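Numbered by this note's numbering, the letters in the sequence shown go through residues 887 to 1175 in order. Below is one structure, written out as structure tokens; comments come after it.
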Amino acid sequence: MRFVIPRRWLILLAVMLAFLPVVIDMTILHIAVPSLTLALGASANEVLWIIDIYPLLMAGLLVPMGTLADRIGNRRVLLIGLIVFGFASLLAAFASTPAMLIGARVLLALGGSMIMPCLLGIIRRTFEDAGERAMALGLWGMVGAAGAALGPLIGGALLEYFWWGSAFLINVPIMLVVAPLVYLLLPGTEKTTQGSWPLGQALVLVSGILLLVYGIKSGVSAKQSLAITLVILLLGLGLLALFVRQQLRSKMPMLDLSLFSCPAILAGLFFAMLVSQGATPYPAGTDSP
């Protein structure tokens, strides 16, 4: 008897393959820092931005790109994100200056922020059965955890035989495989949300996050005067406060702030913060005081 894999599980495979390089890129570069610093002649401040601009900018863009996917469709945004991510990986691999690498990392963040929210939307719409959806989300989360852990290992293995740019170049063949799968497997039409994309709200959110984090970094490094650092921090906080005000007044908010009144979401955010600080279950339970 011929065994046929249901289409929805093939879609999940494509989703997991698309997610893997996005997560790997958050940690793979840490191993390559010494070699790329030497090759590009990057300063300590430039190295800091090379590493941090990717997760920082992607965090600010996730909500706006998720809203964009609701407006024009997950498939379209995902395909654009895959193309941008693959192209940015090529630019990063062959960057000849720190500024070029930072710019490539900005594009990687843009592509990654288009990919990630679409994946959850695709899983939710593909798996109608609650049990299968829970399993699919669990597998998706497992790929995310594995990718973050494998990043340094893959980076170390690549640097053993190749130059630092190979840490980015590895993304290209994955994108070349995933993009056709997404194009062929996902339906060409899907239900979308009516209305225009709130570009202004997106700019306010991203600008607020960037200014706030830049102010914190400049304050810690003591490369700016205290007055300038405080001005930057206040501008960032002001923009984030403006974003919250926009969401509370909007009939179709980009981010539904009522979600933060849900205990399950608050608990998830709390434990995500613990994990981000290295307090995973194993070290939290075994580290001696």
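For glycine and all other residues, C-beta sits at the position ideal for the given N, C-alpha and C. Model, not experiment: these values are computed from the prediction.
Verify whether the separation of the beta carbon atoms of residue 946 and residue 1095 is less than 7 Å. Closer than 7 Å, so yes.
Taking 7 Å as the limit between beta carbons, can you name the residues of its chain near residue 955, skipping five residues before and five after? So the qualifying residues of the chain are 963, 1003, 1004, 1007.
Nonlocal neighbours in the same chain, by C-beta distance under 7 Å from residue 1091, ignoring five residues either side: The beta carbon of residue 1091 sits closer than 7 Å to the beta carbons of 946, 949, 950, 1129 from its chain, once the five residues preceding and following it are set aside; these are given in chain order.
Top-ranked residue by Cα proximity to residue 933, from 977, 958, 984: Nearest C-alpha to residue 933 among 977, 958, 984: 984.
Hey, quick one: how far does the alpha helix (DSSP H) through residue 966 stretch, first residue to last? 960-979 is the extent of the alpha helix (DSSP H) around residue 966.
Quick one: residues in its chain with C-beta nearer than 6 Å to the C-beta of residue 913, no 5 flanking neighbours on either side, listed in chain order? For residue 913, where only same-chain residues beyond five positions count, the Cβ hits under 6 Å are 1034, 1037, 1038.
Suppose the cutoff is 6 Å on Cβ atoms and the five residues either side in sequence are ignored; what does the same chain contact list for residue 877 look like? Only positions 887 to 1175 of the chain appear in this structure, which leaves residue 877 out of reach.
For residue 1028, which of 1159, 1157, 893, 905 has the nearest alpha-carbon? When only C-alpha atoms are compared, the closest one is 905.
8 Å Cβ shell around residue 1030 - same chain, five flanking residues per side excluded: These residues qualify, in order along the chain: 905, 909.
I need the DSSP call for residue 1026, collapsed to helix, strand or coil. Correct three-state label for residue 1026: helix.
Apply the 10 Å Cβ neighbour rule to residue 902 and answer buried if 16 or more other Cβ atoms are within range, or exposed otherwise. In this structure residue 902 is buried. Its beta-carbon is surrounded by 16 or more other beta-carbon atoms within 10 angstroms.
What residue from 1041, 1116, 1121, 1097 has the CA that sits closest to residue 920's CA? Looking at the Cα atoms, 1041 is the closest of the given residues.
Minimum C-alpha distance to residue 1103 - residue among 924, 930, 911: Considering only alpha carbons, the answer is 930.
Cβ neighbours of residue 988 in the same chain (closer than 8 Å, five flanking residues each side left out): So the list reads 932, 935, 936, 939, once near-sequence residues are dropped.
Assuming the contact rule is C-beta atoms closer than 8 Å, residue 978 and residue 994 should be a hit. Round their C-beta distance to whole Å, please. Contact between residue 978 and residue 994 holds: CB atoms are separated by about 7 Å, below the 8 Å threshold.
Please tell me whether residue 1132 and residue 1143 are closer than 7 Å, where the distance is taken between their beta carbons. The answer is no: Cβ separation not under 7 Å.
Measuring alpha carbon to alpha carbon, tell me which of 1158, 1119, 1081, 1086 ends up nearest residue 1137. That would be 1081, whose Cα lies nearest to the Cα of residue 1137.
Check residue 1003 in the structure and name its three-state DSSP category. Per DSSP, reduced to three states, the secondary structure at residue 1003 is helical.
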